[in-house]
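Each residue of the sequence shown is one higher than the one before, counting from 76 in my numbering.
Every residue gets a Cβ at the ideal spot worked out from N, C-alpha and C, and that includes glycine.
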Amino acid sequence: MSKAEPRHTPDPNLTGYPPGIPYIIGNELAERFSFYGMKTILTVFMTKHLLDSAGNAAYMGDEEAKTWYHAFTAAAYFFPIIGAFVSDALWGKYKTILLISLMYCVGHGALAMMDLGPATGLWDMKPFLIIGLLLIAVGAGGIKPCVSAHVGDQFGRGNANLLTKIFNWFYLSINLGAAASSFLTPILLVKFGPWAAFGLPGALMAVATFVFWLGRDKFVHVQPSGVEIFKRETFSPAGITALKNLAPLFLIFIPMFWAIFDQTGSAWVLQAEHMDRNFLGIEWLESQVQVVNPVLILMLIPTFTWVVYPAMGKFFEPTPLRKIGIGLFMTAAAFAISGWIETRIEAGATPNIGWQFLAYLVLTAAEVLVSIVSLEFAYTQAPNKMKSFIMGVYFLGVSLGNQFTALVNWVVGKLKAEDGTSALDGANYYWFFTGLMVLTALAYVVFARLYKGQTFVQGDEDTVEHAKAVAEGPDAR
């Protein structure tokens, strides 16, 4: 008996969950463990564990470490646009995810091998750090738009009503993996060293790749369109309209959110070093504090879904654009709390880490409102043949935000006075970003009131006439 060909379009009669979803969720859980596991310890590794071939300290300063951290994050979110093109035009999502994941595994291997250099006297850690981070950036970035779009591809008109729930489960899997790794890898770094702290995430990435391969016969394999069709679809009237409509979201508002949010792994980690980290009877490691975010996500997603959004609905319709706007203002509030913390530290106090946990609570609530909602919103606003591409453009916004933060820290490092200080040292750094976020949120209010777009679901034709118009005029917001 010949092997059955995989479906290329969703089953229009299926009203339940698609059979390939468990494999995608399992893959995402393990892959996110691998990514966040290494990313959680990156700042502390660069400032406290980086060695040369002789085993001597080659530590980075705070500004240099923050620059490297955000440059890596920017690269990881730049490559989605490349992965999206390869996926939509050449290979399709399944092949793109599988092959690029193998490169991803090699990058983790390079990080795990860093310890061998000082141990044998053969190499410095830094070259392997650069190689590993580059390969992981290509791997994590290359598959990122494909995985989220691959989720949506499994759904047709018959079960499109389940898409929001699955995107929530998808995001829950991301944060379950992130929570586990954020707690474990800092301990491994302290107890066993970089080989174990970077090796465990590498092992989980290998598991993620295997789980995804196991689901190959369960997936809907949406065929690549080819380069010419991809160009025609991307620059079709519907495609151009979608890009124009979403451009401010991708180029201004999403970048500024992530310019703030991703500093939980850099500036907030360095801030935690100067705080009393004894909280709830636990002496927290400075990098371990990041576990608060994914743990809160696991609690806040169902809370928002079943409590907050229905409560909002009693006063106004909680449209995606309204949710994002509320989240942007909350992002500014979160960074204002960290600015207050830094002001207290400069005054000679040692604030308890519980204050940073409060900032995490506000910022994580903002993440639910901005990140989850904008991810789904971007997918639904994209014509079907360019959904991976539009996801890539969305993630390019994350890259732009981190490029901005890296640039700010690079400039701060270069413009230090002879006494080693600068105008954006300490609390001023936090108030600078808080002010920018307030201005961004105010500008977003104008954008949201003017926005109009179309919604596309797999199985529909990619024309404006067949799209479901989103009649979100001023009265709907």
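Per DSSP, what are the beta-bridge partners of residue i in this structure?
i    : result
A132 : L126
E493 : Beta-bridge pairing links E493 to no other residue.
D500 : Partner(s): none; D500 has no beta bridge.
N353 : E358
What is the rounded straight-line gap between the Cα of residue i and the Cα of residue j?
i    : j    : result
I335 : A151 : 17 Å
V473 : Y144 : 14 Å
V367 : L499 : 27 Å
F203 : H183 : 10 Å
K543 : I172 : Here K543 scores only 42 on pLDDT, less than 50, and its place in the model should not be relied on; the value that follows carries that caveat. Approximately 30 Å, taken between the alpha carbons.
P549 : R397 : Reliability fails at P549, whose pLDDT of 31 lies under 50, so the model's placement of it is uncertain and the value that follows must be treated cautiously. Cα-Cα distance, rounded: 11 Å.
V448 : I399 : 7 Å
L165 : L251 : 32 Å
G488 : A272 : 29 Å
A457 : V437 : 30 Å
T339 : F470 : 18 Å
F108 : V181 : 16 Å
Y246 : F110 : 14 Å
K493 : H124 : Lys is not the amino acid found at residue 493; the sequence shown has Glu there. If I take the Cα positions, the gap works out to 27 Å.
P94  : P395 : 28 Å
F522 : I327 : 11 Å
T142 : Y504 : 14 Å
L191 : W198 : 8 Å
V539 : R307 : Residue confidence for V539 is low, a pLDDT of 44 falling below 50, so the modelled location carries little weight; the figure read from the coordinates is stated next. Their Cα atoms are separated by approximately 15 Å.
T90  : G233 : 5 Å
S484 : L403 : Note that residue 484 corresponds to Asn in the displayed sequence, not to Ser. If you take the alpha carbons of N484 and L403, they lie about 22 Å apart.
P193 : S128 : 4 Å
L237 : D228 : 12 Å
V282 : N102 : 8 Å
What first and last residue would you give for the alpha helix (DSSP H) that runs through residue i?
i    : result
F273 : 269–289
E116 : The sequence shown places Ile at residue 116, rather than the Glu named in the question. Careful: I116 lies outside any alpha helix (DSSP H) and carries neither H nor E.
N459 : Per DSSP, N459 belongs to no alpha helix (DSSP H) and is neither H nor E.
Q346 : 342–347
A424 : Segment: none, A424 is in no alpha helix (DSSP H) and carries neither H nor E.
E303 : 302–309
M331 : 329–336
L263 : 238–266
E80  : No alpha helix (DSSP H) holds E80; DSSP gives it neither H nor E.
E392 : E392 -> no alpha helix (DSSP H), and no H or E assigned at all.
P94  : Premise fails: P94 is in no alpha helix (DSSP H) and is neither H nor E.
G388 : 384–388
D137 : 137–153
Y526 : It is not in any alpha helix (DSSP H) - Y526 carries neither H nor E in the DSSP assignment.
V213 : 200–228
M374 : 367–378
Between residue i and residue j, how many whole angstroms is the CB-CB distance? I'm expecting something under 8 Å.
i    : j    : result
I416 : P426 : 5 Å
H296 : G217 : Wrong, their Cβ atoms sit about 18 Å apart, outside the cutoff.
Y98  : L275 : Actually they do not touch by this definition, with Cβ atoms about 22 Å apart.
A347 : V364 : 5 Å
G476 : F332 : 7 Å
L375 : M405 : Actually they are not in contact, since the Cβ atoms of L375 and M405 sit about 12 Å apart, beyond 8 Å.
A317 : M466 : Contact flag wrong, Cβ pair sits at about 12 Å.
G112 : T260 : 4 Å
Of all the options the options, which has the alpha carbon lying nearest to the alpha carbon of residue i?
i    : options                : result
A146 : F507, L373, T284, L117 : L117
Q298 : A516, V520, Y526, H83  : H83
F508 : S128, S497, E451, F479 : F479
P155 : M188, V119, T90, V222  : V222
A440 : A409, G429, K240       : A409
A105 : G136, E139, Y92, A215  : A215
S176 : I205, N236, T195, A212 : A212
L210 : T148, L433, D228, P385 : T148
I554 : M189, P193, A194       : This structure gives no information on residue 554, because the portion of the chain shown stretches from 76 to 552.
T309 : E138, A132, F464, L126 : F464
N320 : F452, F287, L514       : F452
Would you say the beta carbon of residue i is closer than 7 Å to some non-hydrogen atom of the ligand FMN?
i    : result
T339 : The model depicted lacks the ligand FMN and carries no ligand whatsoever.
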